[in-house]
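Going by the numbering used here, the sequence shown opens with residue 38, and the numbers climb by one from there. All residues carry an ideal CB built from backbone N, CA and C; glycine is no exception. Shown next, in structure tokens, is the structure this report addresses.
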Amino acid sequence: MLPGPVIEANTGDTVIVHVNNYLHEGQGIHWHGLRQNGTALMDGVPGITQCSIPPGGSFTYQFTVSHQSGTFWWHSHYSNSMADGIWGPLIVHSPNEPLQRGRDYDEDRIVAVTDWMHDESETIVEALISSEGYRGRPFPPQGDAILINGRGQTNCTATGSPSCTYPPPPEIHVPVNCRVRLRFISAASHPMYRISIDNHSMEIVETDGTAVYGPTIHEISISSGERYSVIINTTEGKEGDAFWLRTSVALDCMAQGVTQVGLAVVRYTGNGSITTAEPRTEAWTDLARPDTPCVGLDEMYHLSPRELVNASQTALESRVLDSKLGKFVDVYGNSFEGYGFNNVTYQNQINDPLLYVVQRGGTCNSSLIANATFADIGPVNIIINNLDSHIGHPYHMHGTEFQLMGRGTGALTLDDLPNTNLTLDNPTRKDTIWMQGGSWALLRIISDNPGVWALHCHIGWHLAKGKMAVVVVQPEAIKKIQWPESWMDLCANTDPNAFGPARRSVS
Numbered sequence: 038m039l040p041g042p043v044i045e046a047n048t049g050d051t052v053i054v055h056v057n058n059y060l061h062e063g064q065g066i067h068w069h070g071l072r073q074n075g076t077a078l079m080d081g082v083p084g085i086t087q088c089s090i091p092p093g094g095s096f097t098y099q100f101t102v103s104h105q106s107g108t109f110w111w112h113s114h115y116s117n118s119m120a121d122g123i124w125g126p127l128i129v130h131s132p133n134e135p136l137q138r139g140r141d142y143d144e145d146r147i148v149a150v151t152d153w154m155h156d157e158s159e160t161i162v163e164a165l166i167s168s169e170g171y172r173g174r175p176f177p178p179q180g181d182a183i184l185i186n187g188r189g190q191t192n193c194t195a196t197g198s199p200s201c202t203y204p205p206p207p208e209i210h211v212p213v214n215c216r217v218r219l220r221f222i223s224a225a226s227h228p229m230y231r232i233s234i235d236n237h238s239m240e241i242v243e244t245d246g247t248a249v250y251g252p253t254i255h256e257i258s259i260s261s262g263e264r265y266s267v268i269i270n271t272t273e274g275k276e277g278d279a280f281w282l283r284t285s286v287a288l289d290c291m292a293q294g295v296t297q298v299g300l301a302v303v304r305y306t307g308n309g310s311i312t313t314a315e316p317r318t319e320a321w322t323d324l325a326r327p328d329t330p331c332v333g334l335d336e337m338y339h340l341s342p343r344e345l346v347n348a349s350q351t352a353l354e355s356r357v358l359d360s361k362l363g364k365f366v367d368v369y370g371n372s373f374e375g376y377g378f379n380n381v382t383y384q385n386q387i388n389d390p391l392l393y394v395v396q397r398g399g400t401c402n403s404s405l406i407a408n409a410t411f412a413d414i415g416p417v418n419i420i421i422n423n424l425d426s427h428i429g430h431p432y433h434m435h436g437t438e439f440q441l442m443g444r445g446t447g448a449l450t451l452d453d454l455p456n457t458n459l460t461l462d463n464p465t466r467k468d469t470i471w472m473q474g475g476s477w478a479l480l481r482i483i484s485d486n487p488g489v490w491a492l493h494c495h496i497g498w499h500l501a502k503g504k505m506a507v508v509v510v511q512p513e514a515i516k517k518i519q520w521p522e523s524w525m526d527l528c529a530n531t532d533p534n535a536f537g538p539a540r541r542s543v544s
């Protein structure tokens with residue numbers, strides 16, 4: 038099934054998931070957006086927090102969801118097999134969450150969007166790191182189709198199939214005359230999407246698990262890994278009426294992309310039978326053009342968290358991660374064009390997880406992965422400089438959310454920091470951020486959750502070329518982690534010096 042099963046939990050619940058790997062390659066499952074307080078070894082990143090689950094093997098993830106609620110998701114973190122459909126929604130409820138069903142909205146629905154390729158991810162990744170490239174190009178591909186809740190349409194005549202069947206568009210049923218919360222999740226491997234619903238304005242009320250006060254707009258933009266909740270009022274018609282939900286690729290984020298729109302039907306329901314007539318509605322006239330610059334919603338609007346958390350004037354420490362496309366040489370001496378941080382492209386020793394290396398008293402090898410270490414508990418800064426002048430990236434932080442303290446064009450240095458205006462009053466909190474090319478962002482985290490946490494571009498194809506760093510929090514506390522036998526068994530009888538597929542194994 039695609040998407041995979043929806044996991045729902047309440048704050049304080051212990052989540053137990055048994056993963057059986059029937060595939061021909063290793064696996065690891067990441068719980069995107071969950072902090073994993075005290076359970077860093079359950080973060081699901083082969084080579085960082087665990088050895089991979091081998092073909093024919095199994096592993097049980099167990100962790101407590103503490104002090105979080107909202108919209109999250111789970112996905113494979115091995116190679117880019119997320120692009121093959123190994124992902125699903127994860128919703129956390131709480132009686133204390135700022136957005137209450139029955140008070141702030143009446144019903145909620147999940148709307149998960151992704152791109153789909155006709156080739157398996159393994160084929161694409163291997164081609165991208167070869168001299169020939171994929172489909173003759175060295176850069177990540179645009180999806181062959183857009184899927185909405187696992188369904189979509191494509192130009193199947195281009196695949197050479199003898200016959201071509203176009204299924205009806207997916208439908209999202211919502212009760213008429215209600216306030217409906219739509220939980221948007223982008224599980225895409227590459228592009229930014231723009232989403233609108235004919236005749237319906239959308240009030241932004243959540244981003245990445247943080248309830249916010251946001252604007253009411255006609256269209257949202259969402260990049261890989263991000264989540265947004267919006268509220269719509271289903272008062273634009275009667276029971277049975279239908280409206281197009283339009284999902285379009287933001288072409289300015291693509292190299293030589295083509296116009297692509299995925300459609301779903303939002304249909305009003307009531308007590309009668311459900312009709313199947315397609316909508317006859319028209320798109321809003323003020324939607325972005327295909328070539329409109331790719332800008333994240335949190336950059337276009339101030340998304341003020343409903344739970345007030347101001348930032349301190351100062352931080353204990355600051356670290357800089359410069360992100361850039363360049364020429365690299367891998368551990369085998371092969372030259373390739375890839376993506377890296379601080380002039381290092383990630384090369385994954387998949388059977389010797391960095392969390393275990395630090396637990397044994399070691400450190401991260403800076404020639405294999407860029408890293409930032411914070412030894413003490415308190416507010417710390419991570420500065421990301423996207424030095425690719427014309428390429429945007431969505432960056433995801435594991436192990437914690439961050440406060441978005443500031444943005445700007447160019448690069449921010451540590452020398453510039455004392456004279457930089459930062460947002461101290463209730464900054465936006467997220468775990469995934471879209472950054473335009475040639476820009477910087479300052480992320481503030483509290484270094485109170487010991488672990489080795491991935492920080493990476495969430496474009497799976499970029500990660501195939503090494504766009505990955507780690508943040509090491511409290512290495513002395515990591516040494517006290519107790520390893521369950523099942524975790525150790527994953528690493529048994531493996532070569533600790535081996536490197537993961539495609540120079541890394543995360544997506």
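Leaving aside the five residues that flank Asn-463 on each side, the residues in its chain whose CB is nearer than 7 Å to its CB run, in chain order, Ser-341, Pro-342, Leu-345, Val-346, Asn-347. The bridge partners DSSP lists for Met-239 are Ile-254. Following the DSSP letters along the chain, one finds Ile-387 in no beta strand (DSSP E), marked with neither H nor E.
Under DSSP, Gly-299 forms a beta bridge with Thr-284. Counting of Cβ neighbours within 10 angstroms places Trp-68 among the buried residues, the total reaching 16 or more. Between the alpha carbons of Tyr-115 and Glu-438 lies a distance of about 22 Å. For Ile-515, no pairing in a beta bridge is given by DSSP.
Looking at the DSSP output, Arg-317 sits in no beta bridge, so it has no partner there. Here the alpha carbon of Gln-440 sits roughly 6 Å from the alpha carbon of Thr-465.
Annotation: the continuous alpha helix (DSSP H) that includes Trp-498 extends over 497 to 500.
Residue burial is scored here from C-beta neighbours: Lys-516 has fewer than 16 other C-beta atoms within 10 angstroms and is therefore classed as exposed. A Cβ-Cβ contact shorter than 8 Å links Asn-236 with Glu-273. In this structure, DSSP gives Gln-99 an extended state, which the three-state scheme calls strand. Non-local beta-carbon contacts of Met-434 in its own chain, meaning distances under 6 Å to residues more than five positions away in sequence, involve Asp-468, Leu-492 in chain order.
Taken in chain order, the unbroken stretches of beta strand (DSSP E) that lie wholly in the segment 379 to 428 and span 3 residues or more are 407 to 411, 416 to 423.
Pairing Gly-122 with Leu-39, the inter-Cα distance amounts to about 6 Å.
Secondary-structure assignment with DSSP links Ile-66 through a beta bridge to Ser-113.
Residue environment: Arg-138 is assigned as exposed (fewer than 16 neighbouring CB atoms within 10 Å of its CB, all protein chains considered). Secondary structure note for Ile-161: its alpha helix (DSSP H) is the uninterrupted segment 158 to 165.
Inter-residue distance for Asn-214 and Ile-268 is about 13 Å (C-alpha atoms, whole angstroms). Taking a C-beta distance under 8 Å as the contact criterion, Pro-455 and Ala-352 do not qualify as a contact pair.
Contact between the segment 42 to 51 and the segment 87 to 94 is absent: fewer than 3 CB-CB pairs across the two stretches fall below 8 Å. The Cβ-Cβ distance between Ile-161 and Pro-178 falls below 8 Å. Rounded to whole angstroms, Ile-419 and Ala-314 show a C-alpha spacing of 51 Å. In this structure the segment 474 to 481 does not lie against the segment 369 to 388, because fewer than three pairs of beta carbons, one per stretch, are closer than 8 Å. Shown here, Ser-89 sits in coil according to DSSP, grouped into three states, outside any helix or strand. Cβ contact annotation for His-112 (same chain, cutoff 8 Å, sequence separation greater than five): Ile-66, His-67, His-69, Met-119, Ile-123, Trp-124, Gly-125, Ala-224, Ser-544, in chain order.
Using a Cβ-Cβ distance cut-off of 8 Å, the segment 326 to 335 and the segment 303 to 318 are not in contact, since fewer than three pairs of beta carbons, one from each stretch, lie closer than that value. Boundaries of the beta strand (DSSP E) around Leu-441: 439 to 446. Minimum Cα-Cα distance from Gln-473 among the listed residues Gly-436, Asp-289, Gly-497 corresponds to Asp-289.
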